[in-house]
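> If you use mature numbering (1 follows the signal peptide of the UniProt record, and there is no 0), the sequence shown corresponds to residues -19 to -1, 1 to 250, in order. Quick reminder that beta carbons are idealized off the backbone N, C-alpha and C, glycines included. I have a structure I would like to understand better, so I am pasting it below and will then ask my questions one at a time.
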Amino acid sequence: MIKKLFLFTALNVALFANINNNIRDILGTSDYNTHRNLINHLFKNQNSFYSNGQIDYVKITEVLSKNNLLKLSLGSTQDLFVTFNFNSNPKISLKNISDIIRILGNQNYITQEEVVVNNQLKWTVKIKAAAAISPLRLSQELQKVNSRILDIKREGSNKWSYSIDASNSKIYRTEDLVNNSQLSLKKPQRAYIIEVDNISNITISSTAGNSWHPNIVFYDSNYNILEIVEKDSLHRSLRLSVPNNTKYIKIDDFYSLANIKQGLNITKE
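Here is the structure:
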């Protein structure tokens, strides 16, 4: 009984230390040491910050943010360097993370490094910004595509790295033609990405007021291109056969999104 109690106590001490190490990596050593007593209080129930045996960074960063412990301001516009390490699905991961950081307000970035080895992606960007990317918002957006943060490292105020599990990821912000038979899409901010499953044909109709010149790409579940359809002529409607193994369809205009500003209607068969 004493032995079991000792092991239980040792396990909780190790768990506590592990969580605290991760929090220190997010806050930086100085801020962590300054607020250690508050951190110990906020995270005393260690088990609630785990999900399926892994640290839940959404929960951790949410608590840090609510208690004003997560300082992201750089004080002025500076160069911010962020590295994203994905363990799988490099094509989907690169598309997702580039879309997500733009959604989070970081339009002005330059790729510093992009390496794919053994199906793993390392992508480093330099961003002109007055604040670091919010780990909470980043975690929340990654959750939407079945990805999750495994580790966060902060080096000073302007250098961050994230390790991300993307083994079950899907494309960010797709239009659902899996559970719907028809879609009426509004004015696009970017090319439409349609998610499909085992369909044979698709009909795309242009809304009145458009000048649509079709530019359509079919992708498989790993975001590999299966087929490209380009039409350098005005179309009001287009019916296409869908290649086998198609999971995503990108629908655009050959010249400009402004040509489909009234939206498109899509029907699957």
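#1: For residue 217, I'd like the list of residues in its chain whose CB is within less than 6 Å of its CB, leaving aside the five on either flank, ordered along the chain.
#2: If residue 337 sits next to residue 114, beta carbons under 8 Å apart, how far is it from one beta carbon to the other, in whole angstroms?
#3: Taking buried to mean at least 16 other C-beta atoms within 10 Å of its own C-beta, is residue 78 buried or exposed?
#4: Quick one: give me the first and last residue of the alpha helix (DSSP H) that residue 26 is part of.
#5: Out of curiosity, what's the CA-to-CA distance linking residue 61 and residue 206?
#6: Who are residue 232's beta bridge partners in DSSP?
#7: What's the gap between the Cα of residue 50 and the Cα of residue 91?
#8: How far does the beta strand (DSSP E) with residue 121 in it extend, from its first residue to its last?
#9: Shortest alpha-carbon distance to residue 210 belongs to which of 199, 204 and 203?
#10: Please report whether the beta-carbon of residue 101 lies at a distance below 9 Å from any beta-carbon of chain B.
#11: Assign residue 68 to one of three DSSP states: helix, strand, or coil.
#12: Three Cβ pairs or more, each shorter than 8 Å: is that satisfied between the segment 139 to 150 and the segment 61 to 76?
Reading from the atomic positions:
#1: Within the sequence shown, residue 217 is the residue found at index 236, counting from 1. Around residue 217: 187.
#2: Past the boundaries of the shown model lies residue 337; the chain is included only from -19 to 250, so the question cannot be answered.
#3: Here residue 78 corresponds to residue number 97 of the sequence shown, with the count starting at 1. By the neighbour-count rule (16 or more Cβ atoms within 10 Å), residue 78 is buried.
#4: As a first step, residue 26 is located in the sequence shown; it is residue number 45 there, counting from the start. From DSSP, residue 26 is part of no alpha helix (DSSP H); its letter is neither H nor E.
#5: Position 80 of the sequence shown, counting from 1, holds the residue named residue 61. Position 225 of the sequence shown, counting from 1, holds the residue named residue 206. Cα to Cα, the separation comes out at about 33 Å.
#6: Locating residue 232 in the sequence shown gives position 251, where the first residue counts as 1. Partner(s): 173 and 197.
#7: The residue labelled residue 50 in the question sits at position 69 within the sequence shown. The residue labelled residue 91 in the question sits at position 110 within the sequence shown. If I take the Cα positions, the gap works out to 29 Å.
#8: By 1-based counting over the sequence shown, the position of residue 121 is 140. Residue 121 -> not in any beta strand (DSSP E); alpha helix (DSSP H) instead, spanning 116 to 124.
#9: Residue numbering aside, residue 210 sits at position 229 when the sequence shown is read from its first letter. When only C-alpha atoms are compared, the closest one is 199.
#10: Within the model displayed, chain B is absent; a lone protein chain is all it includes.
#11: In the sequence shown, counting from the first residue as 1, residue 68 sits at position 87. Residue state, collapsed to three classes: coil.
#12: yes
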